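Residue numbers (the working numbering): 368 to 464.
Glycine included, each C-beta is placed from N, C-alpha and C at the ideal position.
These numbers come from a predicted model, not from an experiment.
Heads up: the structure comes next, in structure tokens.
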């Protein structure tokens, strides 16, 4: 299993998945992604969403983003962060908590 990095970013494993396991009860998953706006033609955009997907299989990330209205093209990076202050899980201090 890959180690979570101190900045919160989770490396993609060889099979393309992310390990979203954590013992932090307030953890959420920050997903940075690129998507396409179909209503304005194929106009790409970048976005960030905070999803309640900690301790879930990473395969649900795309469907959660699509439920929020994003036509996901690519997930750029994933991090476990604190729901209250958005500080990375595993960092030494949550400055806003």
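With fewer than 16 other CB atoms across the displayed protein chains lying within 10 angstroms of its CB, residue 435 is exposed.
Pairing residue 445 with residue 376, the inter-Cα distance amounts to about 6 angstroms. Under the DSSP definition of a beta bridge, residue 412 partners with 402. Residue 409 has its alpha-carbon roughly 34 angstroms from the corresponding atom of residue 452.
Contact annotation, residue 450 with residue 432: C-beta distance approximately 18 angstroms; criterion of less than 8 angstroms not satisfied. When the beta-carbon positions are compared, residue 396 and residue 420 come within less than 8 angstroms of each other.
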